[in-house]
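Remarks on the structure that follows.
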Amino acid sequence: METIKKISYLKITAVYLIASALLLLLSWYAFYFPVHQIFDLLGIEFSNLGPIATLSWGVVVILFLLTPAFVLTILLKVFNK
């Protein structure tokens, strides 16, 4: 709890935004490239919508894990003064 008091709102928001961007890039890279390579080796055409579909996994993680953690951190900072 003491560390939450020491961190500023701006730093918490910056960490959230950077983590969101990294999660989006990681989800795109981690899912799209291996799947695309496997489809390419098998001679199956992979849809052009593949990057959008794989990026959606990152959006789901951000919505259901990262954002609630961010909101909880902000609430702890507000009510722990």
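Going by the numbering used here, the sequence shown wraps up at 94, each residue one higher than the last.
All C-beta atoms in this analysis are idealised placements derived from N, C-alpha and C, irrespective of residue type, glycine included.
Answer with buried or exposed for Gly56, where buried requires no fewer than 16 other C-beta atoms within 10 angstroms of its C-beta.
Translated into the one-based positions of the sequence shown, residue 56 becomes position 43. Gly56 is exposed by the Cβ-count criterion.
When the Cα of Val72 is compared with those of Leu36, Leu23, Lys24, which residue comes out closest?
The residue given as residue 72 occupies position 59 in the sequence shown. Nearest option by C-alpha distance: Leu36.
Quick one: grab the DSSP three-state call for Ile75.
Position 62 of the sequence shown, counted from the first residue, corresponds to residue 75. If DSSP states are grouped into helix, strand and coil, Ile75 belongs with the helices.
Thinking C-beta only, is Ile31 closer than 7 Å to Lys90?
If you number the sequence shown from 1, residue 90 lands on position 77. If you number the sequence shown from 1, residue 31 lands on position 18. Taking 7 Å as the Cβ cut-off, Lys90 and Ile31 do not qualify as a contacting pair.
Is Ser40 buried or exposed, if buried means 16 or more other CB atoms sit within 10 Å of its CB?
By 1-based counting over the sequence shown, the position of residue 40 is 27. By the 10 Å Cβ count, Ser40 comes out buried.
Rounded to a whole number of angstroms, what is the C-alpha to C-alpha distance between Gln50 and Thr86?
Locating residue 50 in the sequence shown gives position 37, where the first residue counts as 1. Locating residue 86 in the sequence shown gives position 73, where the first residue counts as 1. Going by the C-alpha atoms only, they are around 39 Å apart.
In whole angstroms, what separates the C-alpha of Phe77 from that of Trp70?
Locating residue 77 in the sequence shown gives position 64, where the first residue counts as 1. Locating residue 70 in the sequence shown gives position 57, where the first residue counts as 1. Their Cα atoms are separated by approximately 11 Å.
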